[in-house]
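Peer 1: One structure, as structure tokens, below. Some questions next.
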Amino acid sequence: MSLFFILYWGIIVASQALAFRNALLTISLSVGLIACGGGGESHTQENPPITTKPDETVLNERINQALKTGSASNLTEQDRQALLQWALSTAKQQQFWQKSLLTALYTGAKQQDLKPHLQFTPNSSINIYPADLSTALPIAVSDSICNWPLSLQANKGCGLGVAAQVGQGRALAYGQNMFTGVLNNNADVIQFSEVLNNSLRWLITGNTQTPLNASLNIAVSGYDTSTAKRYFEQQLGTTVTLLDCNVLDSSNSCWKNADLILIGSNIDTQKFDRELIQNYLDAGKPVYFQASGYNVSSNMEKVLAAMGMQSNGNYWRTKESLLLSDSKTHQQRWNNINQIDATINTLQYFKDPASVSLGEINVNNSIIQNIKALSSSLQTLNNQGVSAFSEDNKNSILKALVLIADLWRPNISYTALSKSSDPLTFMKTYASDAWLDYNRSYTTAALQGAGDYMPAEAQNMPVSDGWETITVTIPQESGVTAIGRASIPAKALNIKIKDAQGANLSIQTSYLRTWGNPFDDSGYKRPLRPNSYSVKLNNQIENPFISPFGGPLMLNYSNAKPGSTITLEVKGGAKYAHYDFTQAISESEMIEASAILQSKTFGWNTFKFVGGEIQQINAYALKAIGNSSPRDYIEKIKTVIYDSNHIANGYNNMPLDGSTQQYCNTLGWDCTSAVHRAPSVQHFIGWIATCGFLCSGNPSDGSTGLDIGWGWVHELGHNTVQAVLSMTFKSTENGNTIGCGTECDNNILAGLSMLRKYEIYKLDNNGNNFNHPQLYTNIKDNRNTNLSGEALRAEMEKRVWQGSDNAKQAVYLQLAHNYTKLHQAKSQPDLQGVFEFMRLLNISQRLYNQIDLAKATEAEKNKLGLAAFAKKDLSRPDLLYVLSSKIMGYDLKKMFQLYGLPVTDTAHTSVAMLNLPEAPLYFYAQPANRSNHLNEGTWVTLPIAGSVPNYPY
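Okay, here's the thing in structure tokens:
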């Protein structure tokens, strides 16, 4: 004789609406002693019984009002304690229904425990997980932690099945074709069939053990109707009538006749909105979704989103990571699925710290992990343009947490705070930094400021009390860009979209990649994440936005048309030190921005250029400016970092000089159209480096202010370098990739910026970047080997292209120097000639990218020297040889042999078809460390074979 519990799943409307209005799932339990009959497998019930629904907490009118409005302005310290107790009570109610449902699903018809095996197949399944754990439960997850998890899935298994209560309806989803597997007696699925059938009975009747009616009307879309009919009739003992009803047609009314709406993966061609599925659920219709592949289409996302779920594909996951084993006990299965236990523990700690063992304070601390998980739930809401206090948020616990954080925050100080400080103070700070809702009109700020992110003085900055029209030029299809206004800590903003130009828009403060670590030995110096989440901007409404920390406002955009202008209306924003050179900026605007910068009241300044944006803290900017004026500083940043790079790359925001334009006309090239737009915006952050002192990427960040030194031009080079400058190829010696790749190719562009900086400002830096003496030494040593032909070239290939990067970079400058002599007939290289060659080389790369060699005429191919090529599969040496020969007006085959570059016969044939004269071998020698001084040098004529003269310096 064993004890078992018969659990019945139902819905109760809470008598105290606010206290439990969002806990839409409750359980009624009947407890009885059931004798075990003969037959079938039986296990001892291991899951602790839940026989009593937790008590609800009654709240006063002040708290009720705060939970509706999102404002803690009228709440007291006693109210904060009551909120904690209410959140704890609500969490226990959530635990109650979740644990009860899970137990019911894994209990058989004879009240035996079910311990099924379930195996998903990566290339025919998807990972499904709740988007809101208050109304949905992952009822089947894999044993191992899921790689590439969804937003609420951290440290949990991959989602195999999810149940949810949405509106008046129930929803159920599995990430694989369960019906076919069971009907075919597939070993991966068949053991799970009883749990599957329990979940389907719950979906349709509200009870895992209630038999279905004798007849069942099903409306099916995107799934095989005959399979659905067979399954329900064979497995669940009902007679199925398949309705002739397209439930994904928004104009249909036949859905009303369905007892079940069943949707599969094959719905790509249907046109409907998420709201259609939401309406079915709100009306009380059960909705079942079943995937049958690894792709997650946008239509599938709509269906799952309406069901309170999210998903991604399993294609790259291993089969082992998608296994639910039959060895799991009830408690292990519960631990693998639930997150509410951790929330209860967190709330209990803040209610009574002595009652909970906190453990060591670090990133792996269980309470820290739960605080972050709850923060992720808030972020998910804001990303969707939803406030925690919106009716669309069903997780009422989040509302309480945001209000509690608001009440803690004013007293928070980041001075002398660390993980070794008072534990409760640290944990309150961490929670108040994490439990944020930016999509509302109220919050609080720390009265002592936000550490080195934002001074306390910023809280008193004036904001606009009327609507301002803000225009933003969009440089690329997706990205982040400053709009020229700031969010002031704890001051409300409103934003309206006036013209989105078809783009999807969100708003956020700052665009940062790193913001420090509160667990560092150096201390908790600033908010956990001072930059806000990205908050979706909805059309045709006033979108509220508020931040406890403030910061420059950034527009996060996608699906945008490059070059389009987006118009916003903003109220409650502040002017700060923002300089926008993507549009006309007046002298008065420059003066106003500079005055704010030097006042030090706001923490940040921003600069916008075509192809680049800078965000840095004021302290770094003022240090970089030094004794110069802000205008001079900005002009140097623009000239050296951005303009130099864009001229060398041939971007069309920098006008062509007369010589270059004339030669473009002669070549018959398009050198100015939209194909030559700066390809992407490079963001630079001067505050904290993700790695080292300066760290590459986009954004690229550094622990210093922006200046015109090497580091920043080096990082911009990473983001803009093209294939024609990236001289990588297979070694003819061993087949390994050699040459001038990452950390070398970008320095060609960086070196050109230094060259131009010296020409304009007489500031001489990195004069050895183009190491002409070393390259010449390589030539001399190569010739002294007494080799000839291919052997000589191969020896030089190894010597140069497996050697010093600075010598490799000098090869490109020697080509540019030869251009000034051979094409321009100049006695010495100059900046104009060097940049003209590099500009044309990069322009020709983009023209090469555009041409279709399979369809182009010979004349079109000849414009780029490509007549002998049928496919665009040129090696990097071939590409540089063909394009530079075309630009130079000479066949450079001897020059490429001189530098050890392997050029194919096809490339030689292609250039020969241009009937160009063969270039002589010239080398422009310069003194060591003086490569920026183009006037200091002399031409050396090199013989085709044999030894070469000594270097003249």
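Heads up, the sequence shown is in the numbering used here, so the first residue is 1474 and it goes up one at a time.
Ideal Cβ placement from N, Cα and C applies to all residues, glycine included.
(1) In chain order, what residues of the same chain lie with their CB nearer than 7 angstroms to the CB of A2162, ignoring the 5 residues before and after it?
(2) Using three-state DSSP, classify N2242 as helix, strand or coil.
(3) For a minimum of 4 consecutive residues, which ranges assigned as the alpha helix (DSSP H) are wholly contained in the stretch 1610-1687?
(4) In whole angstroms, give me the CA-to-CA distance for K2344 and L2326.
(5) Measuring alpha carbon to alpha carbon, tell me which of Q2247, E2333 and E2263 ends up nearest F2396.
(6) Tell me the rounded alpha-carbon separation between R2443 and A2385.
(7) In this structure, does DSSP put W2077 in helix, strand or coil?
(8) Beta-carbon separation of L2041 and K2009 under 9 angstroms?
(9) Taking only runs that begin and end inside the stretch 1998-2055, name each unbroken beta strand (DSSP E) of 3 or more residues, in chain order.
(10) Could you spell out the range, first to last residue, of the beta strand (DSSP E) harbouring C2213?
(11) To the nearest whole angstrom, what separates the beta carbons of L1578 and S1694, a pair I think is in contact under 8 angstroms?
(12) With distances taken Cα to Cα, identify the nearest neighbour of N1912 among A1959, L1831, I1885 and I2019.
(13) Which term fits N2207, buried or exposed, when burial requires 16 or more other beta carbons within 10 angstroms of its beta carbon?
(14) In whole angstroms, what separates the C-alpha of N1620 from that of L1610?
(15) Are the CB atoms of I1840 and A1815 nearer to each other than 9 angstroms?
(16) Identify which residue in N2244, T2382 and G2262 has its Cα closest to the Cα of A2401.
(17) Whether or not the stretch 1738-1745 and the stretch 1765-1781 are in contact is what I'm after, with contact meaning three or more pairs of Cβ atoms, one per stretch, closer than 8 angstroms; do they touch?
(18) Identify which residue in Q1974, N2171 and N2242 has its Cα closest to the Cα of R2403.
(19) Just to confirm the assignment: which complete beta strand (DSSP E) runs, minimum length 3, are found wholly within the stretch 1716-1772?
(20) Bridge partners of M2200, per DSSP?
(21) Roughly how many whole angstroms lie between the Cα atoms of G1989 and P2422?
(22) Pull up the distance between the alpha-carbon of G2410 and that of I2221, whole angstroms please.
(23) For Y2231, count neighbouring C-beta atoms within 10 Å of its own C-beta (all shown protein chains included) and say buried if the count is 16 or more, exposed if not.
(24) Our contact map puts K2109 next to I2181 with C-beta atoms below 8 angstroms; I'd like the distance itself, whole angstroms only.
(25) Report all residues from its chain with a CB closer than 8 angstroms to the CB of G2419; omit the five preceding and five following residues, and keep chain order.
(26) Using only alpha-carbon positions, find the residue among W1789, L1715, G2076 and L2026 that is nearest to L1966.
(27) Have a look at D1825, S2101 and L2374 and flag the residue whose alpha-carbon is nearest the alpha-carbon of N2203.
(28) Pick helix, strand or coil for M2063, following the three-state DSSP scheme.
(29) At which residues does the beta strand (DSSP E) containing W2412 begin and terminate?
(30) Thinking C-alpha only, which one of L1721, L1709 and I1677 is nearest Y1696?
(31) Give me the DSSP bridge partner(s) of G1786.
(32) Provide the residue span of the alpha helix (DSSP H) that contains E2108, from first to last.
(33) Applying the 10 Å Cβ sphere with the 16-neighbour rule, what's the burial state of E2309?
(34) So Y2363 and L2389 are in contact, right, with Cβ under 8 angstroms, and what is the actual spacing, rounded?
(35) Is there a Cβ of chain D sitting closer than 9 angstroms to that of G2262, yes or no?
Peer 2: In brief:
(1) C2168, D2174, G2175 and S2176
(2) coil
(3) 1651-1656 and 1666-1678
(4) K2344 and L2326 have their C-alpha atoms spaced approximately 6 angstroms apart.
(5) Comparing C-alpha distances from F2396 to each of Q2247, E2333 and E2263 shows the shortest one belongs to Q2247.
(6) The displayed coordinates of the chain run from 1474 to 2426. Any statement about residue 2443 would go beyond what the structure contains.
(7) strand
(8) no
(9) 2016-2018, 2024-2031, 2038-2044 and 2050-2053
(10) T2210 to C2213
(11) In fact, because the Cβ distance is near 26 angstroms, the residues do not count as touching under 8 angstroms.
(12) I2019
(13) Counting other Cβ atoms within 10 Å of its Cβ, N2207 stays below 16 and is therefore classed as exposed.
(14) Taking the Cα positions, N1620 is about 19 angstroms away from L1610.
(15) yes
(16) N2244
(17) yes
(18) When C-alpha distances from R2403 are compared across Q1974, N2171 and N2242, the shortest belongs to N2242.
(19) 1733-1737 and 1760-1763
(20) DSSP lists C2213 as partners of M2200.
(21) 56 angstroms
(22) Their backbone Cα atoms lie some 20 angstroms apart in a straight line.
(23) buried
(24) 5 angstroms
(25) R2256
(26) L2026
(27) First, the residue type needs correcting, since residue 2203 is Lys and not Asn in the sequence shown. Out of D1825, S2101 and L2374, L2374 has the C-alpha closest to the C-alpha of K2203.
(28) helix
(29) T2411 to T2414
(30) L1721
(31) G1786 pairs with I1599.
(32) P2103 to K2109
(33) buried
(34) 5 angstroms
(35) In summary, chain D is missing from the structure at hand, where a single protein chain is found.
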